[in-house]
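When you line the sequence shown up against the working numbering, it's residues 1 to 327, in that order.
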Amino acid sequence: MVLGSLAGMVLAASAVYVVKVPDHFPPMPIPADNAMSAAKVELGHQLFYDKRLSGDNSVACASCHKPEFAFSDGGKAVSTGVKGRRGTRNAPTLTDVGYRSRLFWEGGSPRLEAQAVGPLTNPNEMDSDPTKLVARLKAIPQYRAAFAAVFPDGLSMLNLTKAISAFERTLVSSNSPWDRYREGDQTALSVVALRGMKIFFSEKGDCFHCHQGQDFTDDSLRNTALTTVYSDTGLAPITSKDQDVGKFKVPTLRNVELTGPYMHDGSIKTLRDVVEHYNSGGAANLNADPLMRPLGLSEAEVNDLVAFLKALTDHSFTQDPRFGLPK
Numbered sequence: 001m002v003l004g005s006l007a008g009m010v011l012a013a014s015a016v017y018v019v020k021v022p023d024h025f026p027p028m029p030i031p032a033d034n035a036m037s038a039a040k041v042e043l044g045h046q047l048f049y050d051k052r053l054s055g056d057n058s059v060a061c062a063s064c065h066k067p068e069f070a071f072s073d074g075g076k077a078v079s080t081g082v083k084g085r086r087g088t089r090n091a092p093t094l095t096d097v098g099y100r101s102r103l104f105w106e107g108g109s110p111r112l113e114a115q116a117v118g119p120l121t122n123p124n125e126m127d128s129d130p131t132k133l134v135a136r137l138k139a140i141p142q143y144r145a146a147f148a149a150v151f152p153d154g155l156s157m158l159n160l161t162k163a164i165s166a167f168e169r170t171l172v173s174s175n176s177p178w179d180r181y182r183e184g185d186q187t188a189l190s191v192v193a194l195r196g197m198k199i200f201f202s203e204k205g206d207c208f209h210c211h212q213g214q215d216f217t218d219d220s221l222r223n224t225a226l227t228t229v230y231s232d233t234g235l236a237p238i239t240s241k242d243q244d245v246g247k248f249k250v251p252t253l254r255n256v257e258l259t260g261p262y263m264h265d266g267s268i269k270t271l272r273d274v275v276e277h278y279n280s281g282g283a284a285n286l287n288a289d290p291l292m293r294p295l296g297l298s299e300a301e302v303n304d305l306v307a308f309l310k311a312l313t314d315h316s317f318t319q320d321p322r323f324g325l326p327k
């Protein structure tokens, strides 16, 4: 892991960092107890790519959240953690993750700072003991100095998660063909994608009820009738309510072309297959969301809808050097 840029953090610790977003986005919400600074973002950037955050030095956050796949684990139904251990859920995209009010597939965390602890300590993911992790990083002079420059109380597990969260709040995707169309470029969407857009926002397509706003998600939790019986019960263990079995978070559709396979378990391979699932109305399930019903889309309409979903891809986001491997 390259740590050369950490040296400059001591001098830049007080430089304010403003997350720039376009006019059709709301301001990025920043928690009062984790103000953004350039040094904090850079520290989080370094930590995000550092495999030494895992118990056996083999897995980084970026191992399962790869920039070229919009910070998902492209092509994998579930990710592989330390010692080859397999997870149980699909690694979600981090596209615009700073806007999310619920994190994890079951919505179990309300903010990034709390969410970051999960993968770090999960035995199937990074399997780190917090005390040992902090001690390991304190043994690295560059990290000691960088944390001291950014946080008055220096290196701690809490401050580590704050730094990672600060970096993740910079992961804003806003330059897809859809965005350019929104901003007045009438040539940005193909004729096929324009037809798909009309279906998406129509009662027939019925996509917009759950996938709304600038990120195409309402952050709700819903049972989308993926199966008749769920082995992963989703929200239910949190609420202890039977009616919440099978409820999972509605994901953003930004960069959805790059984030397959799909659903909480990665069980649907292609974007077209996802559309076909919703077109069919899903499996018979007592807890299925009321919006789940056969849509009656023709093959041509399915093709059009897929074309629109692909128009939400922002290649400038996946190739942005600010988000890639630190220099």
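The beta-carbon is built from N, C-alpha and C at its ideal position, and this holds for glycine as well. Bear in mind the structure is a predicted one, so any value in this text is a computation, not a measurement.
* Asked: Hey, how far is the Cα of GLY118 from the Cα of LEU103?
  -> The alpha-carbon atoms of GLY118 and LEU103 are separated by roughly 11 Å.
* Beta-carbon contacts of THR227 that lie in its chain and below 6 Å, excluding the five residues immediately before and after -> ALA283
* Assign VAL229 to one of two classes, buried (16 or more other C-beta atoms within 10 Å of its C-beta) or exposed (fewer than that). => It is exposed - the Cβ of VAL229 has fewer than 16 other Cβ atoms within 10 Å.
* Could you please give the first and the last residue of the uninterrupted alpha helix (DSSP H) stretch that includes SER174? => Neither: SER174 is in no alpha helix (DSSP H) and is coded neither H nor E.
* According to the Cβ coordinates, are LEU253 and PHE216 closer than 7 Å? -> yes
* To do: Just mark PRO29 as buried or exposed, buried being the case when its beta carbon has 16 or more other beta carbons within 10 Å.
  => exposed
* By the 10 Å Cβ neighbour count, where 16 or more other Cβ atoms means buried, how is GLN115 classified, buried or exposed? -> buried
* Asked: Between which two residues does the alpha helix (DSSP H) containing MET263 stretch?
  -> Segment: none, MET263 is in no alpha helix (DSSP H) and carries neither H nor E.
* Pull up the DSSP beta-bridge partners for LYS20, would you. => According to DSSP, LYS20 bridges with nothing at all.
* Give, in chain order, every unbroken run of the alpha helix (DSSP H) that is at least 4 residues long and sits entirely within the segment 283 to 325. => If only uninterrupted alpha helix (DSSP H) runs of at least 4 residues are considered, those enclosed by the segment 283 to 325 are 299 to 310 and 315 to 318.
* On a CA-only basis, which of SER72, LEU53 and ALA139 is nearest ASP129? Give me that one, please. => That would be LEU53, whose Cα lies nearest to the Cα of ASP129.
* To do: May I ask you to verify whether the segment 17 to 33 touches the segment 177 to 188, counting CB pairs closer than 8 Å and requiring at least 3?
  => With a cut-off of 8 Å, the segment 177 to 188 and the segment 17 to 33 count as touching, because enough Cβ pairs lie within range.
* Asked: Any contact of the segment 31 to 45 with the segment 160 to 173, i.e. 3+ C-beta pairs under 8 Å?
  -> yes
* Asked: According to DSSP, which residues form a beta bridge with PHE248?
  -> ARG222
* **Cβ neighbour criterion (16 or more within 10 Å) applied to ASN255** => buried
* Asked: Looking only at C-alpha atoms, which of LEU312, ARG222 and LEU297 sits nearest to TRP178?
  -> LEU312
* Asked: How do the segment 229 to 245 and the segment 67 to 76 stand: do at least 3 beta-carbon pairs fall below 8 Å, yes or no?
  -> no
* Would you say ARG144 faces chain B, with C-beta separation under 7 Å as the test? -> In the structure shown, chain B does not exist; there is a single protein chain.
* Asked: Do ASP127 and VAL82 have their C-beta atoms within less than 7 Å of each other?
  -> yes
* Is the segment 144 to 163 in contact with the segment 283 to 292, if contact means three or more CB pairs nearer than 8 Å? -> no
* Simplified DSSP state of SER240, which is helix, strand or coil -> coil
* According to the neighbour-count rule (16 or more other Cβ atoms, all chains shown, within 10 Å of its Cβ), is GLY75 buried or exposed? -> GLY75 counts as exposed, since fewer than 16 other beta carbons sit within 10 angstroms of its beta carbon.
* As assigned by DSSP and simplified to three states, the class of LYS327 -> In the structure shown, LYS327 falls within a coil segment according to DSSP collapsed to helix, strand and coil.
* Asked: Under a Cβ-count criterion, where at least 16 other Cβ atoms within 10 Å of its own Cβ denotes burial, should SER37 be classed as buried or exposed?
  -> buried
* Asked: Considering only the beta carbon of each residue, do ASN223 and GLY246 sit closer than 7 Å?
  -> Going by C-beta atoms, ASN223 is nearer than 7 Å to GLY246.
* **Span separating the alpha-carbon of SER202 from that of ASN122** => 41 Å
* Asked: For the alpha helix (DSSP H) that contains ALA77, what are its first and last residues?
  -> Neither: ALA77 is in no alpha helix (DSSP H) and is coded neither H nor E.
* May I ask which residues mark the beginning and end of the alpha helix (DSSP H) holding PRO141? => Element bounds for PRO141: 141 to 150.
* To do: Take ASP218 as the anchor and find which of SER190, LYS204 and LYS249 has the nearest alpha-carbon.
  => LYS249
* Of all the options HIS211, ASN303, THR131 and SER316, which has the alpha carbon lying nearest to the alpha carbon of LEU258? -> SER316
* In the DSSP assignment, what residue or residues form a beta bridge with VAL86? -> Here residue 86 is Arg; the residue named in the question, Val, does not match the sequence. According to DSSP, which records beta bridges pairwise, ARG86 is partnered with THR80.
* To do: Give every residue of the same chain whose Cβ lies closer than 7 Å to the Cβ of GLN212, excluding the five residues on either side of it in the sequence, and list them in chain order.
  => ASP218
* **Rounded separation between ASN143 and PHE323 - CA only** => At residue 143 the sequence reads Tyr, which differs from the Asn that was named. Using only the alpha carbons, I get a separation of about 19 Å.
* Candidates GLU276, ASN159, VAL275 and SER176: closest to ASP33 by CA position -> ASN159
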